[in-house]
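Numbering (UniProt numbering), first residue to last: 1 to 131.
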């Protein structure tokens with residue numbers, strides 16, 4: 001597969017039930033957000049909530065919610081985006097079962113929303129039991 005390179009800022013936005021969580025910005029110091037940068041401590045800076053204006057925050061949350069609903073996801077998900085210098089949002093992918101360690105992106109976003117890791121886990125269980 002060949003894809004066009006999109007230069008810009010990388011963001012991830014989780015959804016819990018029907019609530020989009022605060023966007024997190026992923027800043028890679030060297031290279032791409034690959035396995036090494038993702039799992040070796042100190043190689044990536046993750047800002048949550050992201051340092052963006054309210055309009056961009058709103059747009060990222062709205063697109064994440066739309067993707068979550070279009071894919072028929074009901075409990076939780078996390079979608080990744082690139083935003084270019086013209087503030088155009090490019091959807092990259094959705095993780096229907098995102099990482100759930102205490103340092104994973106979704107738990108960091110939930111914490112920025114006021115949910116501790118244990119509260120997040122409990123909410124996921126409660127939402128799942130309603131299906």
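Yeah, the Cβ is synthetic: ideal placement off N, Cα and C, and Gly gets one too.
Residue ranges of each beta strand (DSSP E) within the UniProt domain "ATP-grasp" (1-126), 3 or longer = 9-16, 24-28, 44-47, 76-83, 89-95
Does residue 17 have its Cβ less than 8 angstroms from a Cβ in chain C?
-> Absent here is chain C; the protein component of the structure consists of one chain.
Relative to the alpha-carbon of residue 112, which residue among 29, 88, 50 has its alpha-carbon at the smallest distance?
-> 50
Given 8 angstroms as the limit, is there contact between the region 102-120 and the region 59-69, that is, 3 or more CB pairs closer than that?
-> no
Where residue 131 falls: helix, strand or coil (DSSP) = coil
Same chain, Cβ closer than 6 angstroms to residue 17, neighbours up to 5 away in sequence not counted = 127
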